[in-house]
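Peer 1: Per the working numbering, residue 91 is the first one in the sequence shown, and the count goes up by one each step. My structure is below; once you've seen it, I'll send some questions.
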Amino acid sequence: MYFTYTATNTSLQRFVVAPDGRDVCYMVKKSTQEWETVWVQPSNECERYGACGSNAICTVVQDTKAKCTCLKGFKPKLADEWNAGNRSQGCVRNPPLDCQVNKTGDGFLSIPNVKWPDFSYWVSGVTDEYGCMNTCQQNCSCGAYVYMTQLTGCLHWGSELMDVYQFQAGGYALNLKLPASELGSHIAVWKIATIASAVVLFVLLACLFLWWKRGRNIKDAVHRSWRRSRRSSTRSQQSAGMLDISNSIPFDDETEDGKSHELKVLSLDRIKAATGSFSESNKLGEGGFGPVYMGTLPGGEEVAVKRLCKNSGQGHEEFKNEVILIAKLQHRNLVRLLACCIQGEEKILVYEYMPNKSLDAFIFNPEKRGLLDWRTRFDIIEGIARGLLYLHRDSRLRIVHRDLKASNILLDTDMNPKISDFGMARIFGGDENQFNTNRVVGTFGYMSPEYAMEGIFSVKSDVYSFGVLILEIITGKRAVSFHGQQESLNIAGYAWQQWNEDKGEEMIDPLIKPSCSIRQVLRCIHIALLCVQDHAQERPDVPAVILMLSSDSSSLPMPRAPTLMLRGRALESSKSSENERSHSIGTVSMTQLHGR
């Protein structure tokens, strides 16, 4: 057995096999010239082979300690040594299998979340799980089985189940053979629970159907009455010049997913009253498609009002897209849409108000940057990742945001991040991986290479933007503020140079150094570099990023050096002029489905 390792930098490294069998990798830290632990394997006692002996299951307690328990239907082989802490002899069956005594049938108990034991063997000619179970039941020397649906295969184990490790989550299920006496109570409880669950489910479904039917009838009656009154009031309002519904969107109709889309539609007069006729004193900022104002509704509720510029690139389709998207999306890390207004050429969105405004108002402001310590910044990074996970995987729709940046991350009273501005978002079908667009929209500094150069975007485009965001949050510097600095072409290039030269600490915003764990921040820089890899297939997806952020001990792949770093001035000559602040380009995109 041998181990091959290729060093990716010039730092001196050494590997040590400790007396307890652990493998430890050390590296000389250039800044201090001291040895630093890079990784340790195994990371806990349960990962040590056969930690609990045969026919026993190992679980981790107190971070790294192992707890050994005999499998159901087994007892310690040497009770005294087992109780004294020596579990090397493992466990033996007690009682024996029925097939070993009176040839009657044995049963199986499913054990979830385990690493499969060692020494399995493949059973040929089995095409389904019943056949896999049946062949194990007929073979008295078979002690457990697993049927793999993805690979379409059957695995059996003998009487000795070695190195069984149970995780908190994940892993696989193992079907352990047990005598009927050990399964009697379990089967009885299972049957009772199954019957009771079926009865409860039937009653619940019947109640839900009756409730839905009653609500549907009431809703239809209300809608008919509302439409009659609306037609009457609309005529009087149109005659008075108060309302123009020629370009309105029928929000009260059924949407494309077959569910009723309910959203408040406010009149322009009501919006003007809430914002002081779009007073400059109420202006919160400028978005990619128009200004955003603070407003107060008659009930006292504070809202953020996004007014689409009449000469912006976002037309009715983009506006309708944003309305439909945000109204359907419900997540604590996404901004909530409260109402909208369409009157003549006016197209307005009304959001929940975020008192702390946007993330860029803090991390790029020398006076406010100190208000965000490392704990808060890390929580913001995790919150953005959870919002992306919902968009990419957990919502009813698979959505690519396409304009993820600091100014589109809003902060509530508790500094919880909320992703906003879905005007350029795109919906993906279940079997679609990427799109190709003829016109690129987005923000310089945040666009992935394949999107900026070829117009190809996917969920990995958002991952690239997220990597840039992480670097901005850690450094307190804008993605486009590195022009002309040494050989760096953008924040990704700058971060790579610093990280590769073991100068990652020099990137960290000095204001968070007293409150941060340097190791955790450097790990976040490492994750960000993986997110901004040149090629989309080399970037992790959002679930993998969240796993990396939540674990301090798991090893990370080595990022490649950026080779497609686009100089901002090159983008200027081909796309648009660039100033120090990053900005969005509002254009209508002609989108084509591009299969892969």
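Glycine included, every Cβ here is placed at the ideal spot set by N, Cα and C.
1) Determine the contact status of F53 and V182, defining contact as a CB-CB distance below 8 Å.
2) Could you pull out every residue in the same chain whose Cβ sits closer than 7 Å to the Cβ of P185, ignoring the five residues on either side in sequence?
3) With DSSP as the reference, label F534 as helix, strand or coil.
4) Can you tell me whether R325 is helix, strand or coil according to DSSP?
5) Count the other CB atoms, across all protein chains shown, that sit within 10 Å of the CB of C297; report buried if there are 16 or more and exposed otherwise.
6) Taking only runs that begin and end inside the segment 442 to 528, name each unbroken beta strand (DSSP E) of 3 or more residues, in chain order.
7) Could you tell me the distance, in whole angstroms, from the CA atom of V558 to the CA atom of V635?
8) Could you check if Y262 is buried or exposed, using at least 16 other CB atoms within 10 Å of its CB as the buried criterion?
9) Please tell me whether N229 and G180 are closer than 8 Å, where the distance is taken between their beta carbons.
10) Give the range of the alpha helix (DSSP H) segment to which R360 is assigned.
11) What does a CB cutoff of less than 6 Å around S249 pick up in its chain, not counting 5 residues either side in sequence?
12) With a cut-off of 8 Å, do at least 3 Cβ pairs link the segment 426 to 442 to the segment 480 to 489?
13) Tell me the DSSP secondary structure of N265 in three-state form.
14) What are the partner residues of E435, as DSSP defines its beta bridges?
15) For V254, which residues does DSSP report across the bridge?
16) Select from E171, G140, S133 the residue whose C-alpha is nearest the C-alpha of T154.
17) In whole angstroms, what separates the C-alpha of A542 from that of V570?
18) Could you tell me how far apart the beta carbons of Y480 and L439 are, in whole angstroms, since I believe they sit closer than 8 Å?
19) Just how far apart, CA to CA, sit I546 and E540?
20) May I ask which residues mark the beginning and end of the alpha helix (DSSP H) holding G111?
21) Take V107 and list the residues in its own chain whose beta-carbon comes closer than 7 Å to its own, dropping the five residues that flank it on each side.
22) I need the DSSP call for H616, collapsed to helix, strand or coil.
23) May I have the straight-line CA-CA distance separating S555 from S640, to the nearest angstrom?
24) So for Y139, helix, strand or coil by DSSP?
25) Among I563, D624, V611, L387, which residue has its Cα nearest to the Cα of I361?
26) Give a yes or no on contact between the segment 389 to 399 and the segment 457 to 466, applying the rule of three or more CB pairs nearer than 8 Å.
27) Whether or not the segment 493 to 510 and the segment 584 to 591 are in contact is what I'm after, with contact meaning three or more pairs of Cβ atoms, one per stretch, closer than 8 Å; do they touch?
28) What three-state label does DSSP hand E391 in the structure shown?
29) Do you know whose CA, among E436, I564, F292, P647, lies nearest I33's CA?
30) Can V254 and C148 be called in contact, C-beta distance under 8 Å?
31) Name the residue from G434, T225, Q256 whose alpha carbon lies nearest to the alpha carbon of K205.
32) Under 8 Å, do K437 and L398 count as touching if we go by C-beta distance?
33) From this set, M444, Q131, V611, which residue's C-alpha is nearest M384's C-alpha?
34) Less than 8 Å between the C-beta atoms of K119 and L187, yes or no?
35) Could you say which of I414, D170, N176, A169 lies nearest to G140 if we only look at CA atoms?
36) Can you have a look at H246 and say buried or exposed, based on whether 16 or more other CB atoms are within 10 angstroms of its CB?
Peer 2: In this structure, then:
1) No answer is possible for residue 53: the residues shown for the chain start at 91 and end at 686.
2) Around P185: P269, S271.
3) Here F534 sits in coil by DSSP.
4) The predicted position of R325 is uncertain, since its pLDDT is 47 and thus under 50; a value taken from the coordinates is nonetheless stated next. Looking at R325 - three-state DSSP - the assignment turns out to be helix.
5) Per the 10 Å Cβ criterion, exposed.
6) Correct list: 488 to 490, 499 to 501, 507 to 509, 516 to 518, 524 to 527.
7) Taking the straight line joining both Cα atoms gives about 14 Å.
8) So Y262 ends up on the exposed side.
9) Contact check for N229 against G180 fails: the beta carbons are separated by 8 Å or more.
10) Element bounds for R360: 358 to 365.
11) So the list reads G233, once near-sequence residues are dropped.
12) No, the segment 426 to 442 does not touch the segment 480 to 489.
13) In this structure, N265 counts as strand in the three-state DSSP scheme.
14) None; E435 has no bridge partner.
15) Paired residue(s): I147.
16) A check of alpha carbon separations from T154 across E171, G140, S133 identifies S133 as the nearest.
17) So the two alpha carbons sit approximately 15 Å from each other.
18) Their Cβ separation, rounded to whole angstroms, is 20 Å, which puts Y480 and L439 out of contact at 8 Å.
19) The straight-line gap from Cα to Cα measures roughly 6 Å.
20) That residue, G111, is in no alpha helix (DSSP H); it is neither H nor E in DSSP.
21) D113, listed in sequence order.
22) Three-state DSSP puts H616 in a helix.
23) Those two C-alpha atoms are separated by around 20 Å.
24) Y139: coil per DSSP, three-state reduction.
25) When C-alpha distances from I361 are compared across I563, D624, V611, L387, the shortest belongs to L387.
26) By the Cβ rule, the segment 389 to 399 does not count as touching the segment 457 to 466, because fewer than three pairs are nearer than 8 Å.
27) Contact fails between the segment 584 to 591 and the segment 493 to 510, because fewer than three Cβ pairs, one in each stretch, are under 8 Å apart.
28) Here E391 sits in coil by DSSP.
29) No information on residue 33 is available, as it lies outside the stretch 91 to 686 that the chain covers here.
30) Yes. Within cutoff.
31) In this structure, Q256 is the residue among G434, T225, Q256 with its C-alpha nearest to the C-alpha of K205.
32) Yes. Within cutoff.
33) Considering only alpha carbons, the answer is M444.
34) In this structure, K119 keeps its C-beta atom at 8 Å or more from the C-beta atom of L187.
35) Out of I414, D170, N176, A169, N176 has the C-alpha closest to the C-alpha of G140.
36) H246 should be labelled buried.
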